[in-house]
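Asker: Count along the sequence shown from 1, then add 135; that gives the number in this note's numbering.
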Amino acid sequence: MILQNVVWVIALVGMGLVALGFLYVISQTGKPADDAATRKAAHTSNVLRRWLFGALLIIFVGVTYATLRAFPIAPQDTPLDIHQVVDVVGRQWAWDIHPSTVHAGSPVEFRVTSGDVNHGFAIYAPDGRIVTQVQAMPGFTNKLVYTFTEPGTYKVMCLEYCGVAHAVMTSQITVVAANGS
């Protein structure tokens, strides 16, 4: 299990423990006094709190599932079945991108690392919009999967300040139509 997954499991366990704490507090509060009217009001209040907590818990789990089931980050510890692979190495102040030509319409796996300091690998569409980005770190290879939809020349820039010539750390990726033209 890689560190990213370990942190994810620790976060889920922590959230579960906090939820258990809330359940304990809800079950222990509002102990009724001795008269019947007070006991009935306390019971009604406890039932309402339990229903409210249950509804919020169901909403929380539903939103978490809906937003994380298609996790947007490619698995970093397993090989991907992608036929276009681009190796990217960031160095002060240039990008080594091999190959620098890819085909539109099918996924491209970028294997991004750095030879010296942290860099931010960002790909910009021909119209200047940022389309995807990932960190380039020394000693670690991040996988980034992106499918280009339009042919063109895409600009690569560094998003992480990496020294005096950071502003000129640019390169290009050429995206050709799926039929190769």
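All C-beta atoms in this analysis are idealised placements derived from N, C-alpha and C, irrespective of residue type, glycine included. Since this is a predicted model, take the numbers as computed values, not measurements.
Mind reading off the beta-carbon distance from Ala312 to Tyr289? Whole number of angstroms is fine, and I expect it under 8 Å.
Answerer: With 8 Å as the limit, Ala312 and Tyr289 do not qualify as a contact, their Cβ atoms being about 14 Å apart.
Asker: Less than 8 Å between C-beta atoms, sequence neighbours within five positions excluded: which residues of the same chain meet that for Gln270?
Answerer: Excluding positions up to five away in sequence, the list reads Val247, Asn253, His254, Gly255, Phe256, Asn277, Glu295.
Asker: Is the separation between the beta-carbon of Val217 and that of Pro234 shorter than 7 Å?
Answerer: Residue identity check: residue 217 is Ile in the sequence provided, not Val. Their beta carbons are not under 7 Å apart, which means Ile217 does not touch Pro234 by this criterion.
Asker: Buried or exposed for Met304, going by 16 or more other Cβ atoms inside 10 Å?
Answerer: It counts as buried.
Asker: If you measure between the beta carbons of Ser306 and Met272, is that distance less than 7 Å?
Answerer: It is not a contact, given that the beta carbons lie outside the stated cut-off.
Asker: Since I believe Ile265 is in contact with Ile308 (beta carbons under 8 Å), could you give me their beta-carbon distance rounded to a whole number of angstroms?
Answerer: Not quite, the Cβ-Cβ distance comes to about 13 Å (not below 8 Å), so this is no contact.
Asker: Considering Met150, what are the terminal residues of the alpha helix (DSSP H) in which it resides?
Answerer: Unbroken alpha helix (DSSP H) run through Met150: 138-163.
Asker: Give the straight-line distance between the Cα atoms of Thr164 and Ile193, rounded to the nearest whole angstrom.
Answerer: Rounded to the nearest angstrom, the two C-alpha atoms are 22 Å apart.
Asker: Can you list, in chain order, the residues of its chain with a C-beta nearer than 7 Å to that of Arg185? Leave out the 5 residues immediately preceding and following it.
Answerer: Closer than 7 Å at the Cβ level, and outside the excluded window around Arg185, lie Ile161.
Asker: Measuring CB to CB, does Phe245 end up less than 7 Å from Val224?
Answerer: For Phe245 and Val224, no; Cβs fall outside 7 Å.
Asker: With burial defined as no fewer than 16 other Cβ atoms inside 10 Å of the residue's Cβ, what is the status of Leu279: buried or exposed?
Answerer: Result: buried.
Asker: Determine the closest residue to Ala154 out of Phe188, Thr284, Gln139, with distance taken between C-alpha atoms.
Answerer: Closest by alpha carbon: Phe188.
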